[in-house]
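Protein chains in written order, with this note's numbering: chain A, 26 to 227; chain E, 389 to 785.
Ideal Cβ positions, reconstructed from N, Cα and C, are used throughout, including at glycine.
A short worksheet on the structure shown next.
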Amino acid sequence: MTATAIRVDLQLIADMVDPATRALDVGCGDGSLLAYLVDFKRVDARGMELSQVGVNACVANGLSVIQGDADTDLRDYPDDAFDYVILSQTLQATREPREVLRQMLRVGKRAIVSFPNFAHWQVRLRLTFGGRMPQTPSLPYKWYDTPNIHLCSIDDFRALCAEMGVRIEHAIVLNRNSRPIHMPPLLANLLGEQAVFVLRRD
Amino acid sequence: MEGTIDPSLFDSLSPSEGKALAHCHHAKLGIERPLHLDCGVKLGPYRVAYQTYGTLNAAKSNAVLICHALTGDQFVLERHPVTGKEGWWDTMVGPGKVLDPAHFYIICANVLGGCMGTTGPLANDPATGKPWNLRFPVVTIGDMVRAQAALLDYLGIPDLFCVIGGSMGGMQVLEWAASFPKRVFSAVPIACAGRHSAQNIAFHEVGRQAIMADPEWRAGDYRLYDTRPARGLAVARMTAHITYLSELALQRKFGRALQNRNALGFGFDADFQVESYLRHQGSTFVERFDANSYLYITRAMDYFDLADAHGGSLSQAFRGTTTRFCLMSFTSDWLFPTRESRQIVQALNAAAANVSFVEVESDKGHDAFLLDEPEMFRTLSGFLKGAAIARGLAGVR
Chain A
26 MTATAIRVDL
36 QLIADMVDPA
46 TRALDVGCGD
56 GSLLAYLVDF
66 KRVDARGMEL
76 SQVGVNACVA
86 NGLSVIQGDA
96 DTDLRDYPDD
106 AFDYVILSQT
116 LQATREPREV
126 LRQMLRVGKR
136 AIVSFPNFAH
146 WQVRLRLTFG
156 GRMPQTPSLP
166 YKWYDTPNIH
176 LCSIDDFRAL
186 CAEMGVRIEH
196 AIVLNRNSRP
206 IHMPPLLANL
216 LGEQAVFVLR
226 RD
Chain E
389 MEGTIDPSLF
399 DSLSPSEGKA
409 LAHCHHAKLG
419 IERPLHLDCG
429 VKLGPYRVAY
439 QTYGTLNAAK
449 SNAVLICHAL
459 TGDQFVLERH
469 PVTGKEGWWD
479 TMVGPGKVLD
489 PAHFYIICAN
499 VLGGCMGTTG
509 PLANDPATGK
519 PWNLRFPVVT
529 IGDMVRAQAA
539 LLDYLGIPDL
549 FCVIGGSMGG
559 MQVLEWAASF
569 PKRVFSAVPI
579 ACAGRHSAQN
589 IAFHEVGRQA
599 IMADPEWRAG
609 DYRLYDTRPA
619 RGLAVARMTA
629 HITYLSELAL
639 QRKFGRALQN
649 RNALGFGFDA
659 DFQVESYLRH
669 QGSTFVERFD
679 ANSYLYITRA
689 MDYFDLADAH
699 GGSLSQAFRG
709 TTTRFCLMSF
719 TSDWLFPTRE
729 SRQIVQALNA
739 AAANVSFVEV
749 ESDKGHDAFL
759 LDEPEMFRTL
769 SGFLKGAAIA
779 RGLAGVR
């Protein structure tokens, strides 16, 4: 598979990965980030994906991908098997996000996690004044069909990292177009639509 | 030894073996270095019958070894010299197919214990000059793989771009990857398991008992009496054949349709099409397969337990491996269900191996790996392409 343009938020993650390292993309979808890492950064990249259709498409494109579940299958890997374990837009859909993070940081030297910010002003507005469960471009689902069962805010995530003793190496806040925005943390929790964190065991 | 016939190895050839050997290559191995079998016996000399397709490149980097299943053989692609049927894996191998002889040097050898030219119970024991029959040592999947490795030495092939096979062939692939990791660049075990399950051993035992219950079996010495346990072997095949299909496939293909009649016969002829089909499967099988060989090869599968051979840990079998793996299972395969492949994937992950795993949606049961399954071909050609790039093999589409 020859990767060309990839989604802006994936590009951002790809830029955080050093060339010629080992990476595991958990919830790798159609494999576009994997393909990019392989083609442009010479990364020994592996993927795990819940949907069998996604897995088969990845393997047909020459990528090393297995069918698996972040909640249950990360524990199969040995300690320090990867330089990076990536979880993009999936944490909020896991049953045990805290355990998933712990496993990611056991298996990888670093974890790169991206997620939608539930404290974004639009979300707050829709719930406060609309009185309905928020639907935004980052959170497009209705309450009854959403896979997102563990939504959190940027501040929630920071708090969890502190509780787990995980070092935040890098945090980027993104606007609606997945472009990084620079602002103090308090504002970020209000104005950031998504966030990308690079974590490391302390 | 190609082209020359050593009488000491050939004097007990069965007619089908003779026909097979006339249409393929063979190597006489183990003359100086006998094969150390798992049972403790040193076997040598022994013969390996094999077939090749395509050309070995100058760098010797494009060799692919196909490992055949229980009743398969070396005739992957061409019309079979004994049965006249098309090659058993011509869906996968051939011009324009996933394994194209234009790109790969493809080798397939009849397994040790087989009956299409490789040494097995049909051969003569060099010590006595008499047919081995049941005195042939019990061989294992490991022994089969070591015989294949000896064949590669004989052919001057240092390592393989890919080892691929389904069912018992998949077991051999796993054994190859565990025993000769440096000689295996990529491995494709399809529809198999890291050990043979109790249910599968049970089915094999039914087959063996059917053979041994046939009075013509004569404690394995039927050839001395110029007879053979055709009925027993046919029943063994009929039982096994059911396990290769799925309930859905049987239902769709036959349902309760009657065979050449409009009403039930109130007797024990093959009233139903499914009965007639199974009888046909049984009777054609005995024309090409040797009953003792069936005993030996089913036993080899039963004995297969890769974890047991590595201190009880399957991941230990793959520790430090650099081989690229692609596992594949089929949704309706109940002989080697997906969970068996998943266990191997878990073990490979625990060894931090490079592994892909695909479950193909199919209602054709275990036999799906032999059939036209476009998704299997698509994923496999993608995997092989990726591996070819990593290996620096030019021209693989």
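Beta-ladder partner(s) of residue i, from DSSP
i         : result
VAL743(E) : PHE713(E)
LEU431(E) : LEU423(E)
ARG101(A) : This sequence places Asp at residue 101(A); Arg is not what is there. DSSP output for ASP101(A) lists no bridge partner at all.
GLU553(E) : At residue 553(E) the sequence reads Gly, which differs from the Glu that was named. BP columns for GLY553(E) point to CYS455(E), PRO577(E).
GLU121(A) : In DSSP, GLU121(A) forms no bridge with anything.
HIS698(E) : HIS698(E) pairs with nothing; no bridge assigned.
CYS496(E) : GLN439(E), ILE454(E)
ASN512(E) : PRO519(E)
Contact set for residue i: own chain, Cβ-Cβ below 8 angstroms, skip 5 residues either direction
i         : result
ALA575(E) : CYS550, VAL551, ILE552, VAL561, LEU562, TRP564, ALA565, THR711, ARG712, PHE713, CYS714
PHE660(E) : PHE642, ARG644, ALA645, LEU646, GLN647
ARG571(E) : ALA537, LEU540, PRO546, ASP547, LEU548, TRP564
ASP104(A) : ARG131, VAL132
ILE419(E) : GLY432, PRO433
VAL674(E) : ARG616, ALA618, LEU621, ALA622, ARG625
The beta strand (DSSP E) enclosing residue i, as first and last residue numbers
i         : result
ILE454(E) : 451-455
MET73(A)  : 69-74
LEU638(E) : No beta strand (DSSP E) holds LEU638(E); the alpha helix (DSSP H) holding it covers 635-641.
ASP50(A)  : 47-51
GLN219(A) : 219-226
HIS195(A) : 191-199
Interface flag, residue i vs chain A, CB-CB below 8 angstroms
i         : result
VAL746(E) : yes
SER396(E) : Per-residue confidence for SER396(E) stands at a pLDDT of 48, beneath the threshold of 50, marking its modelled position as unreliable; no derived number is given.
GLN734(E) : yes
GLY391(E) : Confidence at GLY391(E) is low in this model, with a pLDDT of 39, below 50, so its placement is unreliable and no value can be given for it.
PRO773(E) : First, the amino acid is wrong: residue 773(E) is Lys here, not Pro. For LYS773(E), the answer is yes, since a Cβ of chain A falls inside 8 angstroms of its Cβ.
GLU763(E) : yes
VAL486(E) : no
VAL743(E) : yes
GLY770(E) : yes
ASN737(E) : yes
Unbroken alpha helix (DSSP H) run spanning residue i, endpoints
i         : result
TYR610(E) : From DSSP, TYR610(E) is part of no alpha helix (DSSP H); its letter is neither H nor E.
THR531(E) : First, the residue type needs correcting, since residue 531(E) is Asp and not Thr in the sequence shown. Residues 529-543.
GLN704(E) : 702-705
PHE673(E) : 661-676
LEU58(A)  : 57-66
LEU522(E) : No alpha helix (DSSP H) holds LEU522(E); DSSP gives it neither H nor E.
ARG649(E) : Neither: ARG649(E) is in no alpha helix (DSSP H) and is coded neither H nor E.
GLU407(E) : The amino acid occupying residue 407(E) in the given sequence is Lys; Glu does not appear at that position. Counting along the chain, the alpha helix (DSSP H) containing LYS407(E) begins and ends at 403-410.
ASP40(A)  : 33-41
is_contact[residue i, chain E] using C-beta, thresh 8 angstroms
i         : result
PRO103(A) : yes
THR200(A) : Correcting the residue identity first, residue 200(A) is Asn in this sequence and not Thr. No, no contact with chain E.
VAL110(A) : no
ALA95(A)  : no
GLY54(A)  : no
VAL125(A) : no
ALA85(A)  : yes
ALA48(A)  : no
ARG32(A)  : no
ALA45(A)  : no
PRO138(A) : A small fix is needed here, since residue 138(A) is Val in this sequence, not Pro. By this cut-off, VAL138(A) is not an interface position.
LEU59(A)  : no
VAL42(A)  : no
GLN92(A)  : yes
Close Cβ partners of residue i (< 7 angstroms) along its chain, the five nearest in sequence each way excluded
i         : result
ALA782(E) : none
ARG523(E) : ASP513
ARG619(E) : ASP602
ASP721(E) : ALA579, GLY753, HIS754, ALA756
CYS427(E) : PRO525, VAL526
ALA628(E) : PHE591, GLY595
LYS448(E) : ILE545, PRO546
Nonlocal neighbours in the same chain, by C-beta distance under 6 angstroms from residue i, ignoring five residues either side
i         : result
MET764(E) : VAL748
VAL623(E) : ALA598
GLY706(E) : Checking the sequence shown, residue 706(E) turns out to be Phe, not Gly. Excluding residues within five positions, the ones whose Cβ falls inside 6 angstroms are LEU736, ALA739, ALA741.
ILE197(A) : PRO205, VAL221
VAL499(E) : MET532
PHE140(A) : LEU116, GLN117
ALA45(A)  : ARG67
SER769(E) : VAL486
Beta strand (DSSP E) runs contained entirely in the region 128-181 of chain A, provided each spans 3 or more residues:
Segments of the beta strand (DSSP E) lying fully in the region 128-181 of chain A: 133-141.
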